[in-house]
Amino acid sequence: MSQPNKIELRRVSKSFGSKTVLESITADIKQGETFTIIGGSGSGKSVLLKCILGLMEPTSGTIRIDGEDTTHLSNKDRMKLMHKFGMLFQFGALFDSMSIWENVAFSLLEQGVKRHEAKDIAISKLALVGLSPDVAKLAPSELSGGMKKRAGLARAICTEPEIMFYDEPTTGLDPITSDVINDLILQLQADLGITSIVITHNMQSAYKISNKITMLYEGRFLETGTPEEIQKSDNPYVAQFINGSARGPIKMAVKQR
Amino acid sequence: MNPIAALGAAVLGFTHETGRISVFFFQALAFILRLSIPLKQFFKQAEKIGFNSLPIVILTAFFTGGVLTLQSYNGIGSSMLANSQLGRVVTLSMLRELGPVLASLMVAGRVGAAIAAELGTMRVTEQIDALITLATNPIRYLVVPRIVACALMMPLLVTLANVVGIGGGYLVATHIIGMNGTLFLESAFNGVGEPDIVLGLVKAFVFGTIIGLMGTYQGFHTRGGAEGVGRATTVAVVFASVAILVSDYFITALFISAEGSF
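Read top to bottom, the protein sequences are chains A and B. The numbers in our numbering rise by one with no breaks, and the one at position 41 of the first sequence is 42. The numbers in our numbering rise by one with no breaks, and the one at position 17 of the second sequence is 765.
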């Protein structure tokens, strides 16, 4: 593993008012690696993802992408950087004012690619995620949850990003569709060499797709390791989480805040 | 909480919110001044905001003009005075005040609410975040076309509202009151000057901007799911309506003092 670091996090913290959500997160994510963040609801996973993406600015710390400090970019540079990124949102986040193919080809249409060319590319991307051309002209509301996620994935990879972000890619899907999504993520990594950051609490999925897994608890990384290492972890918090037990050191707050 | 603290909190809250709305407006204005406006989105919004508001604006203006004529006639009392003044009263009131204000209030309810609900839903379903990850600035793509469309469509709607309102007044004067139509029109056109039309259009432009700004601002900053979308929609309409009525007073006052100095 002599790959260069694609993403470097150095003491990244984020707080909202007096509430600290992330506390001094440090990590290296290598080129072509799939890095999975597990953790309970409200542990700060989404906030961390949004900080790396640039949808939020961390309170302190540095984020470097390809060695370049991207913590405090201007809007213009931020938009340029976004071309490197693709993101699959939890519920797809498809634009409901557009058809599926217009969603997938959104970036192409914005760049001024001709409509029929963009449509052909969109259909080929849909095929890549296992959706037939008939789906292309449908509205997002006509699709099932799993199909929405696949269409969202097609949109994210349409501009050939170098880094993919997945926000709970398999949550709410049946086991078979979940595994289809897992295979798609693996395939994208193998075929296109994409670096990925995945948020999930589906352990089966995490073991299958990850090169590295880390557990986020109360704003800190508790333990980082390969899927095998995490499975054998003797950290009581990690053990409780991956085995999905209500008994253990992690107490679920009944009421938030 | 003691009353002074409550007052302080209210003032701070108001100042904070006003500041945030201003910053938001200037972000959009930066694109507008550079003429960086997504045209396709603009035309789509212009149709939604302008063309689709025609029925409600026409209906409102027609009955406003009608009732205004009826009330003014009864208020004037003498039919001699009515013959020379009724047309003028109705036309001036429509052009300077009722046309822009009522049309804008109706559009605020229809369009302001729709904008806030649409952007609010996009916010809570992460579609606005998705736009950013697709390297598209959501202020430029979503906010700018809506504000520009509101600001440009409103004067057109108000012009139509004025014509329809005066037409409604004419019909009531001639058919219900039984006035001579020529006298009504003569009084209408003799009493009206360019400044009256300009004032109405300036108001329409400002009110349109307010509707677009409030709708997009509230929608853009929606939080908390379906309930949040409902709240954003309500607040957008209420804020826009209040801002229209308050700014109406100040635009009129400014205009009258400027007119006096000519």
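Even for Gly, the Cβ is constructed at its ideal location relative to N, Cα and C.
Item	Value
DSSP-derived helix/strand/coil call for Gly45(A)	coil
Ile863(B) at chain A interface by Cβ criterion, 8 angstroms	no
Coarse secondary structure for Tyr238(A), derived from DSSP in three states	helix
Short Cβ contact (8 angstroms threshold) for Asp168(A) with Gln91(A)	yes
Paired residues, beta bridge with Ala28(A) - DSSP	Leu10(A)
Per-residue contacts from Gln875(B) into chain A (C-beta, under 8 angstroms)	Ala94, Leu95, Phe96, Asp97
Contact set between Thr884(B) and chain A, taken where Cβ atoms lie within less than 9 angstroms	Met80, Met83, Phe107, Ser108, Glu111
C-beta atoms of Asn244(A) and Thr227(A) nearer than 8 angstroms	no
Under the three-state DSSP convention, the category Leu23(A) falls into	strand
Closer than 8 angstroms to chain B by CB, Gly146(A)	no
Proximity below 8 angstroms, CB of Ile8(A) to CB of Phe222(A)	no
Residue-level contact to chain B via CB, Met88(A), 8 angstroms cutoff	yes
Ordered list of alpha helix (DSSP H) runs contained in the segment 905-953 of chain B, each at least 4 residues	929-938
Chain A contact residues for Ile797(B), given Cβ-Cβ distances below 9 angstroms	Within 9 angstroms Cβ-Cβ: nothing; Ile797(B) doesn't reach chain A, min ~15 angstroms.
Gln257(A), buried or exposed, once every other Cβ within 10 Å from all chains shown has been counted against 16	Because the pLDDT at Gln257(A) is just 47, under 50, the model does not fix this residue reliably, and the value given afterwards should be weighed accordingly. So Gln257(A) counts as exposed.
Cβ distance (whole Å) where Thr909(B) is taken to contact Ala809(B) below 8 angstroms	Per the sequence shown, residue 909(B) should be read as Ala rather than Thr. About 4 angstroms; that satisfies the 8 angstroms criterion.
For Lys200(A): DSSP bridge partner residues	Note that residue 200(A) is Ile in the sequence shown, not Lys. Note: Ile200(A) sits in a beta bridge opposite Ile38(A), Asp168(A).
Host beta strand (DSSP E) of Tyr821(B) (start-end)	That residue, Tyr821(B), is in no beta strand (DSSP E); its alpha helix (DSSP H) goes 802-824.
For Pro848(B), the nearest candidate out of Phe791(B), Tyr997(B), Ala794(B), Gly948(B) (CA to CA)	Gly948(B)
Close Cβ partners of Met57(A) (< 6 angstroms) along its chain, the five nearest in sequence each way excluded	Lys51
Straight-line Cα distance separating Trp102(A) from Gln241(A)	43 angstroms
Beta-bridge pairing of Glu975(B) - partner residues as DSSP gives them	Looking at the DSSP assignment, Glu975(B) forms no beta bridge with any residue, so it has no partner.
Nearest-angstrom Cβ-Cβ length linking Cys159(A) and Ser75(A), presumed shorter than 8 angstroms	About 25 angstroms separates the two Cβ atoms, so there is no contact after all.
Pro893(B) beta carbon less than 8 angstroms from that of Gln793(B)	yes
Burial state of Val199(A) (16 or more Cβ within 10 Å)	buried
Residues of its chain near Ile824(B), where Cβ-Cβ distance is below 6 angstroms and the 5 sequence neighbours each way are ignored	Ala830
Chain-order list of residues whose beta-carbon lies under 6 angstroms from that of Lys126(A) (same chain, five-residue window excluded)	Val105, Ala155, Cys159
For Gly767(B) and Asn183(A), the rounded distance between their alpha carbons	46 angstroms
Chain B contact for Leu54(A) (CB, 8 angstroms cutoff)	yes
Close Cβ partners of Phe702(B) (< 7 angstroms) along its chain, the five nearest in sequence each way excluded	Look at the range of chain B in this structure, 749 to 1010, and you will see that residue 702(B) is not part of it.
One or two residues paired with Gly87(A) in a DSSP bridge	Met165(A)
Within 8 angstroms of chain A by C-beta, residues of the segment 774-789 of chain B in sequence order	none
Contacting residues, own chain, Cβ-Cβ under 7 angstroms from Arg151(A) (five flanking each side not counted)	Val130, Gly131, Leu132
Three-state secondary structure assigned by DSSP to Phe773(B)	helix
Straight-line gap, Ala1006(B) to Gly941(B) (C-alpha atoms, nearest Å)	15 angstroms
Test item: CB-CB of Gln775(B) and Ser935(B) under 8 angstroms	no
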